[in-house]
Amino acid sequence: MFVVMTVGASEAEVLGVKSHILGEGMTPFEHVGPEHTVIAVVGEMGSRKAELATRLATLPGVSQVKPISRPFKLTSREFHPEDTVIKVLDAVIGDGSLTMMAGPCSVESREQLFETADAVKAAGATILRGGAFKPRTSPYAFQGLGVEALRYLAEARERTGLPVITEVMEPSQVDIVAEYADILQIGTRNMQNYSLLRDVGRVARPVMLKRGYGATVEEWLMAAEYIVSSGNPNVILCERGIRTFETYTRNTMDLAAVPLAHQLTHLPVVVDPSHATGKRWLVKPLAVGGVAVGADGVMVEVHPNPDKALSDAEQQLDLDQFRDLMATLIPIHELARGMRAPAMSDAALGIGGSGGLAKH
Ligand code: PEP
Ligand code: MN
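So for the sequence shown, numbering that gives the first Met the number 0 puts the first residue at 0; every next one is plus one.
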């Protein structure tokens, strides 16, 4: 549930509500909205809920107490109706602009990274990606250059001005990755690694949370809730394909998840057609699809010589293909930005009261 303060409630009244919540063993999360301040009450409240709501409603400065019907609370639109906008260096994510994250699957050398960084920047990318610690299905495959790659990424940021995003695979890497990178990526395999989610929730860097390849949208948003409830409100969601019975593509890109997530949550949503399809020729049409359904951005893998790449050779675009992709996406984005659906009721969304969609 959350407490809606009256318009113009004083700081002391807000503090009073927060300390009451703390006194009940719950955690208050304050959000200053355009009209009034709201305070979410988060924690295990069991049977005390109704009684606590009645008590909070009587405190000075409180206008009303409302339930949050979703299992994810701080990430829900009910609690936070306005879109979350994330600023990192000169990049802005979730403000209606098109965020383009591009770069190699793995950082392989300084030269390879710099050549890619210069080209994607010139073509209009807003964020540079590059894997330093690589989660590989085979323990015998290239595992990434680790800290050496982090240093090259930081140099590439100096060179281009682009913020850099890279994956953090385990709690012990969080501090070092946060030292070098501007955005931390949680990969699909780690979406439900709760200790890692909590740890990235404690750093002052935005986090991009990829959807687990076997996760429902609700599980994905619950994973985001771990990060936000640990203290980090700057989470970007990334749809990167889920595993289905299809074998011609690496994964199946769930395009419906984009407008759905926009209804359910205020967090920005980007798509990754590289990992979703695993095939170079499918990256452009699926990137177009993602932007057309309202994604706030696209992450794509780009390599100066994809056939020689040490990881994901089949899906990386070359530099010309990236330039072509950018030219294609800009007008599609212009068209799509006016098409975003307004917030809808659960009945209109076809969502049952307990959350989750009706199946057939
Ligand atoms: C990646 O972006 O480098 C990556 C490994 O992606 P995913 O976690 O989606 O497989
Ligand atoms: Mn990859």
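Even for Gly, the Cβ is constructed at its ideal location relative to N, Cα and C.
If you draw a straight line from the alpha carbon of residue i to that of residue j, how long is it in whole angstroms?
| i | j | result |
| --- | --- | --- |
| A357 | D345 | A caution first: A357 carries a pLDDT of 49, below 50, which makes its placement in the model unreliable, though a value can still be read off. Taking the straight line from one Cα to the other gives about 12 Å. |
| E43 | S229 | 15 Å |
| F244 | F1 | 41 Å |
| C419 | L220 | In this structure the chain extends from 0 to 359, so residue 419 is not present and cannot be described. |
| V6 | M190 | 38 Å |
| D115 | Y212 | A quick correction: the sequence has Thr, not Asp, at residue 115. Using only the alpha carbons, I get a separation of about 28 Å. |
| D89 | V64 | 38 Å |
| F321 | G102 | 10 Å |
| L324 | M25 | 48 Å |
| M343 | R188 | 32 Å |
| R336 | A8 | 35 Å |
| K209 | G45 | 31 Å |
| A39 | T264 | 15 Å |
| A131 | A180 | 10 Å |
| E169 | E107 | 21 Å |
| E333 | G288 | 14 Å |
| I350 | V84 | 26 Å |
| A236 | M207 | First, the amino acid is wrong: residue 236 is Leu here, not Ala. Cα to Cα, L236 sits roughly 6 Å from M207. |
| T57 | F28 | 19 Å |
| R339 | R204 | 28 Å |
| V146 | S75 | 36 Å |
| Q363 | V234 | Coverage of the chain is limited to positions 0 through 359, which leaves residue 363 absent and any answer about it impossible. |
| P341 | L97 | 19 Å |
Based on the DSSP output, what are the partners of residue i in its beta bridges?
| i | result |
| --- | --- |
| Q63 | V3 |
| T165 | L183 |
| I38 | V2 and E29 |
| G337 | DSSP, once it has assigned bridges, lists no residue as partnering G337. |
| G362 | Lying before the first or after the last residue shown, residue 362 is absent from the chain, which here runs from 0 to 359. |
| L316 | V301 |
| L127 | A101 and V163 |
Quick one: using the 10 Å Cβ neighbour count with 16 as the cut-off for buried, is residue i buried or exposed?
| i | result |
| --- | --- |
| L266 | buried |
| R360 | Any answer about residue 360 is impossible in this case: the structure gives the chain only from 0 up to 359. |
| R201 | exposed |
| A360 | Here the chain comprises residues numbered 0 to 359, so residue 360 is not present and cannot be evaluated. |
| K48 | exposed |
| T36 | buried |
| L14 | exposed |
| E238 | buried |
| A121 | exposed |
| V16 | buried |
| K307 | exposed |
| Y193 | exposed |
| E300 | buried |
| T125 | buried |
| A255 | exposed |
| A155 | buried |
Looking only at C-alpha atoms, which of the options sits nearest to residue i?
| i | options | result |
| --- | --- | --- |
| Q69 | L183, Q262 and A214 | What sits at residue 69 in the sequence shown is Arg, not Gln. Here the closest residue by C-alpha is Q262. |
| V176 | R188, V163 and T187 | V163 |
| G129 | G95, Y179 and E166 | E166 |
| M252 | R54, L259, R242 and P170 | R242 |
| K278 | L254, V292, G240 and L259 | G240 |
| P330 | I126, A286 and A222 | A286 |
| L259 | V227, P272, A347 and D311 | A347 |
| E10 | T53, P59 and G145 | P59 |
Would you say residue i lies against chain D (beta-carbon separation less than 7 Å)?
| i | result |
| --- | --- |
| R201 | The structure shown contains no chain D, having only a single protein chain. |
(request) Please go through the region 187 to 268 and give each complete alpha helix (DSSP H) segment of 4 or more residues, from N-terminal end onward. (result) Counting only runs of 4 or more, we get 193 to 199, 216 to 228 and 256 to 263.
(request) Go through the region 83 to 112 residue by residue and report every complete run of the alpha helix (DSSP H) that reaches 4 residues or more, in order. (result) none
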